[in-house]
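Undergrad: If you read the sequence shown in this note's numbering, its first letter stands for residue 43, the second for the next number, and so on.
Built from N, CA and C at the ideal position, the CB exists for glycine as well.
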Amino acid sequence: MAGTQRYLRYIVFALICLILLFFISSSSTVQTSWPTANVPQTTEPDTKGAVPKPDPLATDSNPPKTPNVDKELPPAIVPGDRMNATFVTLARNSDLWEIAKSIRHVEDRFNRKFNYDWVFLNDDDFNDEFKKVTTALVSGRTRYGKIPKEHWSFPDFIDQDKAAKVREEMKEKKIIYGDSVSYRHMCRYESGFFFRHPLMLEYEWYWRVEPSIELYCDINYDTFKWMAENKKKYSFVLSLYEYVETIPTLWEAAKNFSAHHPEHIAKDNSMKFLSDDDGKTYTNCHFWSNFEIGNLNWLRSKAYVDFFESLDHAGGFFYERWGDAPVHSIAAGLMLNKDEIHFFNDIAYYHVPFTHCPTGEQYRLDHKCHCNPKENFDWNGYSCTARFYETNGMQKPEGYDKEK
Ligand SMILES: Nc1nc2c(ncn2[C@@H]2O[C@H](COP(=O)(O)OP(=O)(O)OP(=O)(O)O)[C@@H](O)[C@H]2O)c(=O)[nH]1
Ligand SMILES: [Mg+2]
């Protein structure tokens with residue numbers, strides 16, 4: 043009996059062991075099949091075919107990689123012909139990171155779909171870093187030009203002592219850039235030379251871009267083609283009154299030119315934009331030239347070149363501080379017909395400190411705009427855009443009075 047009981051005890055003990063073993067093995071199976079999706083894994087292939095077990099503590103030796111680094115979105119390029127057009131930027135090497143931001147905006151909102159070229163101009167040599175970074179950002183061809191010395195220096199008819207005295211006076215009056223020589227060369231270059239640079243001679247249309255600008259809405263059509271098809275020669279997005287102290291005699295110089303060259307003055311010009319008294323005095327209204335889409339053949343025409351040379355000899359680029367914005371604007375206002383100048387309400391733009399945010403909510407929504415309409419400068423008292431509408435007998439965009 044005692045033997046039977048011993049056997050029974052062995053059997054019960056063996057059963058308990060089996061049951062325990064069963065539980066241990068089944069619970070470890072559950073553990074190995076827990077999902078591992080949230081645990082970082084390397085994307086390296088496992089040559090042995092087993093799933094590599096990540097060690098959550100081993101962050102330094104084997105850092106996780108961002109997946110799909112080599113996969114880009116397919117390019118969405120608008121089919122069809124391109125115009126003979128380029129972006130153009132005047133810049134120094136030190137402007138690299140600010141122009142990089144501008145390029146990113148222009149590419150994202152427009153040029154990734156059109157791939158137009160980009161010409162960079164500089165009074166110095168561009169360095170390798172500038173070229174490398176900008177070439178990586180632009181979807182079209184990039185080209186780099188050095189400005190010839192004779193286009194970026196004092197012409198021989200300028201009295202340099204007189205010019206230096208003016209800079210001193212302007213410095214005391216705290217006129218912005220009033221004491222800067224390079225700013226004056228820049229304004230004169232943009233007024234009279236950029237369109238004649240050998241690289242620019244290859245093109246018919248240009249879009250000027252400055253460092254640190256922003257574009258706020260998608261532009262889904264070819265603006266150059268639109269300009270050509272609609273017979274436009276010059277365009278703007280922001281307009282305002284010029285700082286009078288920088289141009290005291292500019293209008294006199296323009297009047298002098300008009301008197302000597304009546305053949306260059308357009309019949310249906312924009313005098314109403316430029317003057318309230320039929321040409322006697324200047325309103326100081328100008329199109330802000332840090333943005334321009336325009337026709338290079340117009341700038342290279344005898345009319346424009348005569349105009350520039352006449353102003354240049356008047357000396358105000360150095361004896362005052364004439365900006366290229368009023369120079370281009372007066373030229374366009376006098377020598378183009380009204381309907382050759384275009385206001386791009388649909389190009390949403392920022393250059394410190396002003397914003398052009400298109401009037402009209404539906405347009406802004408349809409074009410994924412990210413500007414705040416309350417920051418739109420157009421209907422502000424210091425803007426000349428309402429005057430442009432009136433000069434051209436155009437109806438202001440619907441809703442403009444609500445978005446003031
Ligand atoms: N190569 C070169 N480019 C210049 C020089 N000065 C200005 N620029 C460029 O000329 C353009 C106009 O100069 P900005 O300094 O932007 O002048 P601004 O727009 O009147 O003034 P900000 O309000 O400071 O932008 C920009 O594209 C500049 O990068 C210069 O000395 N050399
Ligand atoms: Mg600027």
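In terms of residue numbering, what span does the beta strand (DSSP E) encompassing W160 cover?
TA: Taking the first residue of the sequence shown as 1, we reach residue 160 at position 118. From DSSP, the beta strand (DSSP E) with W160 extends over D159 to N164.
Undergrad: Can you list, in chain order, the residues of its chain with a C-beta nearer than 7 angstroms to that of R183? Leave out the 5 residues immediately preceding and following it.
TA: Counting from one through the sequence shown, the residue named residue 183 turns up at place 141. Closer than 7 angstroms at Cβ, skipping near neighbours: D159.
Undergrad: Is S224 a contact residue of ligand 1, with contact defined as CB to any heavy atom under 7 angstroms?
TA: Within the sequence shown, residue 224 is the residue found at index 182, counting from 1. Flag set: Cβ of S224 near ligand 1.
Undergrad: Once you ignore the five residues that flank S371 on each side, which residues in its own chain have a CB closer than 6 angstroms to its CB?
TA: Residue mapping note: residue 371 aligns to position 329 of the sequence shown, counting from 1. The residues are H328 and F329.
Undergrad: Pick out whichever of L257, N272 and I261 has its Cα sitting closest to the Cα of D381.
TA: Mapped onto the sequence shown, residue 381 falls at position 339. Of the listed residues, the one whose Cα sits closest to D381 is N272.
Undergrad: At a cut-off of 7 angstroms, is L132 close to ligand 1 when judged by its beta-carbon and the heavy atoms of the ligand?
TA: If you number the sequence shown from 1, residue 132 lands on position 90. Yes, Cβ of L132 sits closer than 7 angstroms to a heavy atom of ligand 1.
Undergrad: Just how far apart, CA to CA, sit Y263 and E211?
TA: Indexing the sequence shown from 1 puts residue 263 at position 221. Indexing the sequence shown from 1 puts residue 211 at position 169. The alpha-carbon atoms of Y263 and E211 are separated by roughly 48 angstroms.
Undergrad: Could you tell me the alpha carbon to alpha carbon distance between A345 and N339, rounded to whole angstroms?
TA: Mapped onto the sequence shown, residue 345 falls at position 303. Mapped onto the sequence shown, residue 339 falls at position 297. About 11 angstroms.
Undergrad: At a cut-off of 7 angstroms, is E214 close to ligand 1 when judged by its beta-carbon and the heavy atoms of the ligand?
TA: Your numbering for residue 214 matches position 172 in the sequence shown. Every heavy atom of ligand 1 is 7 angstroms or more from the Cβ of E214, so no.
Undergrad: On a CA-only basis, which of M228, D167, S181 and E246 is nearest M125? Give me that one, please.
TA: Translated into positions along the sequence shown, residue 125 becomes position 83. Looking at the Cα atoms, E246 is the closest of the given residues.
Undergrad: If P439 sits next to T397, beta carbons under 8 angstroms apart, how far is it from one beta carbon to the other, in whole angstroms?
TA: The residue given as residue 439 occupies position 397 in the sequence shown. The residue given as residue 397 occupies position 355 in the sequence shown. Not confirmed; about 16 angstroms, so no contact.
Undergrad: Between D167 and the rest of its own chain, which residues show a CB-CB distance below 7 angstroms, the 5 nearest in sequence each way excluded?
TA: The count along the sequence shown starts at 1 and reaches residue 167 at position 125. Answer for D167: K188, listed in chain order.
Undergrad: Assess contact between the segment 351–362 and the segment 192–210, defined as three or more Cβ pairs (one per stretch) separated by less than 8 angstroms. Is contact present?
TA: Result yes; three or more Cβ-Cβ pairs closer than 8 angstroms.
Undergrad: Answer with buried or exposed for N169, where buried requires no fewer than 16 other C-beta atoms within 10 angstroms of its C-beta.
TA: On the sequence shown, residue 169 is found 127 positions in, with the first residue counted as 1. Flag for N169 reads exposed.
Undergrad: Reducing DSSP to helix, strand and coil, say where V394 ends up.
TA: Within the sequence shown, residue 394 is the residue found at index 352, counting from 1. If DSSP states are grouped into helix, strand and coil, V394 belongs with coil.
Undergrad: Can you look up A308 in the DSSP assignment and give me helix, strand or coil?
TA: Reading the sequence shown from its first residue, position 266 is the one you call residue 308. Note: A308 maps to coil in three-state DSSP.
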